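With my numbering, you'll find the sequence shown wraps up at 102, consecutive numbering, no jumps. Working notes, beginning with the structure itself.
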Amino acid sequence: MAIAAALGITFGLTVPDIAIHFDIVGDGFLNLLRMAIVPPIVPLIVLAIVHLASLCSVGRLAGKSILHFEVITKIIIIFGVLPGNLTGV
Numbered sequence: 014m015a016i017a018a019a020l021g022i023t024f025g026l027t028v029p030d031i032a033i034h035f036d037i038v039g040d041g042f043l044n045l046l047r048m049a050i051v052p053p054i055v056p057l058i059v060l061a062i063v064h065l066a067s068l069c070s071v072g073r074l075a076g077k078s079i080l081h082f083e084v085i086t087k088i089i090i091i092f093g094v095l096p097g098n099l100t101g102v
């Protein structure tokens with residue numbers, strides 16, 4: 014993924030007139046990243062609720078789920094959105 018990001022940045026900086034026409038690739042990549050967030054979180058929550066023994070466990074589950082969502086979102090921003098915004102592509 015880092016190689017693809019580096020190639021995209023390089024391509025966008027060297028030939029921006031042509032790189033603009035490849036925005037469908039970037040849009041597809043961002044859509045794939047969005048689709049990657051929900052599938053791991055929903056089954057995690059469902060399985061944890063099924064196996065819960067107390068209300069305290071629900072709070073821990075909620076905290077872990079929010080933390081997981083935040084970490085994944087930050088990674089997506091760093092590798093997907095930030096380079097595009099920095100280069101103006």
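All residues carry an ideal CB built from backbone N, CA and C; glycine is no exception. Predicted model only: the values in this text are computed from it and were never measured.
Residue i vs residue j beta-carbon contact at 8 Å
{"i": "F42", "j": "G93", "result": "yes"}
Chain C contact for residue i (CB, 8 Å cutoff)
{"i": "K87", "result": "In the displayed structure, chain C is absent; only one protein chain is listed."}
Euclidean distance between Cα positions of residue i and residue j
{"i": "L65", "j": "V51", "result": "21 Å"}
{"i": "I33", "j": "G25", "result": "8 Å"}
{"i": "G97", "j": "I16", "result": "15 Å"}
{"i": "I89", "j": "A18", "result": "12 Å"}
{"i": "K77", "j": "V28", "result": "43 Å"}
{"i": "L74", "j": "G21", "result": "38 Å"}
{"i": "A49", "j": "D30", "result": "31 Å"}
{"i": "R86", "j": "L95", "result": "Residue identity differs from the one stated: residue 86 is Thr in this sequence, not Arg. Each residue's alpha carbon lies about 12 Å from the other."}
{"i": "I91", "j": "T23", "result": "17 Å"}
{"i": "L46", "j": "L99", "result": "19 Å"}
Review point. Quick one: any contact between the region 46 to 58 and the region 77 to 86, if contact means 3 or more CB pairs under 8 Å?
Key: yes
For this session: Decide if the region 67 to 74 is in contact with the region 30 to 38; the criterion is three or more beta carbon pairs, one per stretch, under 8 Å apart.
Result: no
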